[in-house]
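Asks: Here's a structure for you.
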Amino acid sequence: MNVCVFCASSDLLAPVFYEQARLLGEEIARHSCEVVYGGTNCGLMKEVAQAALRAGGKVKGIIPACIQEKGIAATGLTELVITSDMKERKQKMRETADAFLAMPGGWGTLEEITEVITLKQLGIHNKPVIFLNIEGFYDSFFSFIQESTRGGFIAPVYEKLYKIAGSVPEVFPYLKEEKDLCIDSKY
33 MNVCVFCASS
43 DLLAPVFYEQ
53 ARLLGEEIAR
63 HSCEVVYGGT
73 NCGLMKEVAQ
83 AALRAGGKVK
93 GIIPACIQEK
103 GIAATGLTEL
113 VITSDMKERK
123 QKMRETADAF
133 LAMPGGWGTL
143 EEITEVITLK
153 QLGIHNKPVI
163 FLNIEGFYDS
173 FFSFIQESTR
183 GGFIAPVYEK
193 LYKIAGSVPE
203 VFPYLKEEKD
213 LCIDSKY
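Everything in the sequence shown is counted per this note's numbering, starting at 33 for the first residue and increasing by one.
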């Protein structure tokens, strides 16, 4: 299984986030899955990728040329794919991934994970989507989703489009559950 990880590229975060990123990378490798990520050598992105590689896993980075040209592309990956732009990057990530996981992150992470949820809602894919809600990072976002649902902006059935894991150990049971559900269910 290829697990696409969306996460922060910042090097200014609290230590707990880097610790959890390393643990996630190790666990992805331990479960014989491959990391698919944005291909940089900074922030949580770097920690997930390097931890997976150290644990004997495979890592595919997918990076647009405009970011690669800034000198922050990762080296030593199993594979590094350079795309022409962000749109192509996201498309390749979606095509390559069997599941999507959002760690804490900024605008890019939020845009990427909400896009895959929207595409799942539209029936374009039926792959597992999981938020790794470290330290309650996404609590405000989920409150917004709940308020939007109460207000009629989001149908309650769409709560099934994603799962929330509070810790790295919760991710893989969710992935297994979602992967099994995705064989038979339609949203």
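Don't be surprised by glycine CBs; every beta carbon is placed ideally from N, CA and C. These figures come from a predicted structure and were not determined experimentally.
Are S42 and L76 close, meaning C-beta to C-beta below 9 Å?
Replies: yes
Asks: Quick check: what's the CA-CA separation for I95 versus V148?
Replies: Distance between the alpha carbons of I95 and V148: 18 Å.
Asks: Taking the beta carbon of C98 as the centre, do at least 16 other beta carbons fall within 10 Å, making it buried, or is it exposed?
Replies: exposed
Asks: Could you pull the start and end residues of the alpha helix (DSSP H) that F49 belongs to?
Replies: F49 -> alpha helix (DSSP H) spans 47-62.
Asks: Name, in chain order, the residues that DSSP records as bridge partners for L164.
Replies: A197
Asks: Mark L154 as exposed unless 16 or more other C-beta atoms lie within 10 angstroms of its C-beta, in which case mark it buried.
Replies: Answer is exposed; the Cβ neighbour count stays below 16.
Asks: Would you check if the stretch 46-62 and the stretch 127-137 touch, i.e. whether three or more CB-CB distances between them fall below 8 Å?
Replies: yes
Asks: Thinking I162 and V48 are a contact (beta carbons under 8 Å), I'd like their distance in whole angstroms, please.
Replies: Contact doesn't hold; Cβ gap of about 19 Å is too wide.
Asks: Quick check: what's the CA-CA separation for M33 versus A187?
Replies: Approximately 30 Å between the Cα atoms of the pair.
Asks: For the beta strand (DSSP E) that contains E111, what are its first and last residues?
Replies: 111-115
Asks: Name the residue from G89, K78, R182 whose alpha carbon lies nearest to the alpha carbon of C39.
Replies: Checking every option, the nearest Cα to that of C39 belongs to K78.
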